[in-house]
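A.B. asks: When you line the sequence shown up against the working numbering, it's residues 537 to 659, in that order. Even for Gly, the Cβ is constructed at its ideal location relative to N, Cα and C. Here the structure is a predicted model, which is why all the values come from computation and not from measurement. The structure follows.
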Amino acid sequence: MGLIYRVTHLRGDRGAREVKALFDTGASQCFVRRDIAQVVATPGRAPFSLAFETATGRVETDQVIFAAVAIDSHELFWTFMVIPELTEELILGADFFQRWKIRLDPEQESVSMDPGALRLKLV
Numbered sequence: 537m538g539l540i541y542r543v544t545h546l547r548g549d550r551g552a553r554e555v556k557a558l559f560d561t562g563a564s565q566c567f568v569r570r571d572i573a574q575v576v577a578t579p580g581r582a583p584f585s586l587a588f589e590t591a592t593g594r595v596e597t598d599q600v601i602f603a604a605v606a607i608d609s610h611e612l613f614w615t616f617m618v619i620p621e622l623t624e625e626l627i628l629g630a631d632f633f634q635r636w637k638i639r640l641d642p643e644q645e646s647v648s649m650d651p652g653a654l655r656l657k658l659v
C-alpha cells in the first residue's frame, strides 16, 4: 500500500497553479501551504482559530481560501485551511472525499469518483 499523490491544478480568484496533492484519508479537512494559497487565492479569515493535531504536535490557523481543484477533468470547489509550513503543497482530506463521493484504493494508488456527485442541487 502506498500514499496517493497526484499532480493537479488548484484555481482561485488570483489564478491557477499546478500542485502536488496528497490524498489523505487520515486528514479530517483539506489544507494548502501558505505560499501556494497566496498565489492562487485571496486568503480570508475563519470566524475563529482552529487547531489540528499533526504527527509531530499541533498546528493552528484562522486563514482559509476558496478554490477549485481538478480531479479527473472536473473542477471541484472547496474550502482549504491555510497552513504556513505544511510539508505538502496540498492535502485533500476526508471532508472533500465524502462530499464529492471520491473513493481511494491505496493498493492500486487509484482515485475514482461517483459522477452523480457532480450534480449540484438547490432544494
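Thinking C-alpha only, which one of V618, L612, G548 is nearest F588?
C.D. replies: F588 has its Cα closest to that of V618, out of V618, L612, G548.
A.B. asks: Find the nearest neighbour of L586 within the set D549, D598, F602, judged by alpha-carbon distance.
C.D. replies: Minimum Cα distance to L586 is reached at D598.
A.B. asks: Let's test the definition: count the other Cβ atoms within 10 Å of the Cβ of M537 and tell me whether it reaches 16, buried, or not, exposed.
C.D. replies: Residue placement at M537 cannot be trusted, given a pLDDT of 48 that sits under 50; what the coordinates show is reported in the next sentence. The residue is exposed, with fewer than 16 neighbouring Cβ atoms inside 10 Å.
A.B. asks: State the CB to CB distance for the pair L572 and L546, rounded to an integer number of angstroms; the pair is presumed to be in contact (CB under 8 angstroms).
C.D. replies: What sits at residue 572 in the sequence shown is Ile, not Leu. Their Cβ separation, rounded to whole angstroms, is 7 angstroms, which keeps I572 and L546 in contact under 8 angstroms.
A.B. asks: What three-state label does DSSP hand L656 in the structure shown?
C.D. replies: Here L656 sits in coil by DSSP.
A.B. asks: Give me the Cα-Cα distance between G551 and L628, rounded to the nearest whole angstrom.
C.D. replies: So the alpha carbons of these two residues sit roughly 19 angstroms apart.
A.B. asks: What is the residue span of the beta strand (DSSP E) that A604 lies within?
C.D. replies: Run containing A604: 593 to 607, per the beta strand (DSSP E) assignment.
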